[in-house]
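With the working numbering, you'll find the sequence shown wraps up at 276, consecutive numbering, no jumps. To start, the structure under review is shown below, and the notes come after it.
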Amino acid sequence: MRRIGLALASGPRLRRSPRRSRDVEKCRARYRVWALVPLAGVVACASPATTTTRDTPVSGLATAHEFVKEGAFVFVTGRREAELAAAVNEIGGKAAGIRADVSNSDDLDRLFSQIASEKGKLDVLFANAGIFKYAPLGQISEEFYQSIFDINVKGVLFTVQKALPLIPNGGSIILNASIVGSKGLPANSIYSATKAAIRSFARTWTTDLKDRHIRVNAVSPGPTDTAGLRDLLGSFEVGQDLSRSVPLGRLGKPTEVARAVVFLASDDSSYITGSELFVDGGFAQV
């Protein structure tokens, strides 16, 4: 299974400028960041015996592309070497791969040790590891519960904690939550609980880190058009029904979520912390 996250390591923090449209290369030359991205995520359906793995709505690859556009150098991480190599190749010369599993403490130690050795610090951390599985109440096993909480909560917690020594004062942490933390969707109780925990982390870590002026925010995507979601829905008609339930009348795009993450990482959001930014077309708002 593939898992995602994103960390940015650098000298100056990521900045965005209104002059970017007419002087892109000048801005990119001035503001350099280095980034780390674990690859995609997991949607696991049905029973453990028939689990399928696909991209999550928030693609780490799309986010990596957006950071690169802003001048970032990206480290891509994931469990599968072939997918890791393909991602690095797609992103281009401003990317490198580090194989790691966020549920493995030793992997996290090795990951941040390599970043420390190569870049020295992380200006921005995007922690978006996650897996998704369905199970209605009455059919939830301890193994099912543990498998989701180990990645979605424990994995994110220790990713952030182990990264903290590398994050300078004034840095930014973005956590990947979800609209399911605010909705009561059937068969989603465990997954939704993990995302509610992520939302809580953004609040509590904001106060834990206030003396270091490190901002912590959560991004909560709604229904987003990915191959994984299309497989999950099973038919074009079901997808159309879901689109009609979104006030904007369509599914989101991975790039729309990725751009929201870049905004929360940038100085444009310098007075925003402890917040949850919904990128959901209004799905969880009305």
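Virtual Cβ for every residue (Gly too), placed ideally from N, Cα, C. Being a predicted model, the structure only gives us computed values, none of them experimental.
Backbone secondary structure at residue i - three-state DSSP
i: residue 246; result: helix
i: residue 273; result: coil
i: residue 241; result: coil
i: residue 262; result: coil
i: residue 178; result: coil
i: residue 128; result: coil
i: residue 155; result: helix
i: residue 173; result: coil
i: residue 117; result: strand
i: residue 87; result: strand
i: residue 163; result: strand
i: residue 146; result: helix
i: residue 251; result: helix
Cβ neighbours of residue i in the same chain (closer than 7 Å, five flanking residues each side left out)
i: residue 275; result: 268
i: residue 202; result: 159
i: residue 239; result: 233
i: residue 139; result: 184
i: residue 266; result: 167, 189, 192, 208 and 210
Beta carbon proximity, residue i to chain B, threshold 8 Å
i: residue 210; result: Although the question refers to chain B, the structure presented lacks it and comprises just one protein chain.
Separation of residue j from residue i, as counted between CA atoms
i: residue 250; j: residue 185; result: 18 Å
i: residue 110; j: residue 178; result: 40 Å
i: residue 38; j: residue 160; result: Note that residue 38 scores a pLDDT of 22, beneath 50, so its modelled location is shaky; the value from the coordinates is reported in the next line. Approximately 42 Å between the Cα atoms of the pair.
i: residue 52; j: residue 132; result: 34 Å
i: residue 259; j: residue 253; result: 6 Å
i: residue 211; j: residue 271; result: 9 Å
i: residue 95; j: residue 114; result: 20 Å
i: residue 207; j: residue 108; result: 27 Å
i: residue 264; j: residue 74; result: 32 Å
i: residue 50; j: residue 118; result: 8 Å
i: residue 63; j: residue 135; result: 36 Å
Enclosing alpha helix (DSSP H) for residue i [first to last residue]
i: residue 101; result: 95 to 108
i: residue 137; result: 132 to 139
i: residue 72; result: 71 to 81
i: residue 51; result: 50 to 59
For residue i, the first and last residue of its enclosing beta strand (DSSP E)
i: residue 67; result: 62 to 68
Proximal residues to residue i (C-beta, below 6 Å), its chain only, five neighbours per side dropped
i: residue 173; result: 274
Residues sharing a beta bridge with residue i, DSSP
i: residue 211; result: 269
i: residue 206; result: 163
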